[in-house]
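Report on one structure; see the data block that follows.
Numbering (UniProt numbering), first residue to last: 1 to 316.
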């Protein structure tokens with residue numbers, strides 16, 4: 001039986017960018033395609049935040065900002081929507097008042113979407129959502145390498161005694177054996193910490209650290225080589241907190257830190273994932289109430305575009 005040609009985005013030369021579908025990149029909905037290679041899933045949840053809220057509105061904001069994405073990615077010579085079927089799976093409805101219940105719901109819904117072999121690009125929401133996604137992936141792949149782009153470590157133990165927040169998902173994931181402790185990596189870390197012990201604890205949990213300042217000192221090419229060497233040899237999950245970018249590039253986030261990556265540095269780094277076994281990804285912490293001129297939404301949409309391009313090339 002001949003393989004069906006993927007259904008791509010609405011043609012921007014026929015329907016204006018500001019009209020038509022409100023899906024990611026104006027792609028078809030999940031119920032409009034016969035099969036799905038990659039599902040774009042929204043998780044509008046921000047009950048785990050410790051400072052500024054609003055990431056529950058992130059999925060809709062990133063979708064709106066993705067209207068300008070086009071079918072061909074010249075930087076990677078890739079057709080992210082032409083060589084794989086990408087569809088928008090809509091949003092998961094999760095309990096905003098019970099974090100434990102929300103985590104369970106995300107795990108179940110993600111597992112159901114992945115049941116037929118589809119990969120997921122998840123748009124949050126706050127970083128709490130990475131934990132249930134990793135639980136789902138680990139049941140199929142075993143411990144996965146986590147490539148974590150963020151200003152913050154997100155391996156703290158608790159906030160106000162609460163073990164499940166946007167600052168704790170990777171400590172819980174490491175404790176539960178979901179993370180490959182020999183291959184995981186933070187990128188873009190910067191800003192003040194509570195103490196030096198934070199870094200010492202983080203290393204025990206299985207992460208190496210590439211700081212934001214390292215981009216200035218060592219350059220993108222060198223850091224991509226370090227990244228690839230660390231991640232090689234098994235499945236990789238990519239988690240992008242948009243606050244890895246400097247607030248000049250991404251003001252619309254809950255816990256901004258000065259001295260971050262540029263959009264160009266982040267996108268170039270993501271392109272370095274071609275050829276690695278990327279099994280899923282998320283983009284989190286986009287908070288539209290603090291965004292200006294869609295700067296953060298546009299950056300997040302392009303992050304998603306590069307990740308979909310990487311998946312397309314890896315699939316080929």
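Glycine included, every Cβ here is placed at the ideal spot set by N, Cα and C. Note that the structure is predicted; figures quoted are calculated from it, not measured.
Query	Result
Ignore the nearest five residues each way along the sequence and tell me which others in residue 197's own chain have a CB closer than 6 Å to its CB.	none
Kindly indicate the opening and closing residues of the beta strand (DSSP E) around residue 227.	Unbroken run through residue 227 is the alpha helix (DSSP H), 220 to 231; no beta strand (DSSP E).
How is the beta strand (DSSP E) around residue 352 delimited, first residue to last?	The chain is shown from 1 up to 316; residue 352 falls before or after that span and cannot be answered.
So, for residue 268: in the same chain, excluding its five sequence neighbours on each side, which residues have a beta-carbon less than 7 Å away from its beta-carbon?	220
What residues in its chain sit with their C-beta under 6 Å from that of residue 166, if we drop five residues either side in the sequence?	48, 49, 126, 127, 128
Just the Cα atoms here: how many angstroms apart are residue 71 and residue 160?	46 Å
Whole angstroms is fine: what's the gap from residue 315's alpha carbon to residue 84's?	8 Å
Starting from the Cα of residue 306, find the closest Cα among 280, 14, 112, 97 and give me that residue.	280
Could you round the C-beta distance between residue 59 and residue 43 to whole angstroms and report it? I think they count as a contact, below 8 Å.	7 Å
If you check the beta carbons only, do residue 65 and residue 298 fall under 8 Å apart?	yes
To the nearest angstrom, how far is the alpha carbon of residue 295 from that of residue 226?	29 Å
By the DSSP assignment, the beta strand (DSSP E) with residue 282 in it spans what residues?	277 to 284
Note down the Cα distance separating residue 9 from residue 223, rounded to an integer number of angstroms.	34 Å
Let me make sure I understand the geometry here. Which of 12, 276, 7, 151 has the alpha-carbon closest to that of residue 233?	276
Can we say the region 137 to 152 touches the region 77 to 94, given the rule of at least three CB pairs closer than 8 Å?	no
Below 8 Å on the Cβ atoms is my contact criterion, and I expect residue 89 with residue 137 to pass it. Report the Cβ-Cβ distance as a whole number of Å.	At roughly 16 Å, the Cβ-Cβ gap does not stay under 8 Å, so residue 89 and residue 137 are not in contact.
Would you say residue 63 and residue 23 are within 8 Å of each other, going by their C-beta atoms?	yes
Going by CA-CA distance only, name the one from 190, 201, 192 that's closest to residue 168.	201
Mapping DSSP to helix, strand and coil, what is residue 240?	strand
Among 119, 311, 283, 16, whose alpha-carbon lies nearest the alpha-carbon of residue 301?	283
Is DSSP giving residue 312 helix, strand or coil here?	helix
Is residue 122 buried or exposed, if buried means 16 or more other CB atoms sit within 10 Å of its CB?	buried
Go through its chain and collect everything with a Cβ distance to residue 189's Cβ below 6 Å, but skip five positions before and after it.	209, 211
Where do the ends of the beta strand (DSSP E) carrying residue 211 lie?	207 to 211
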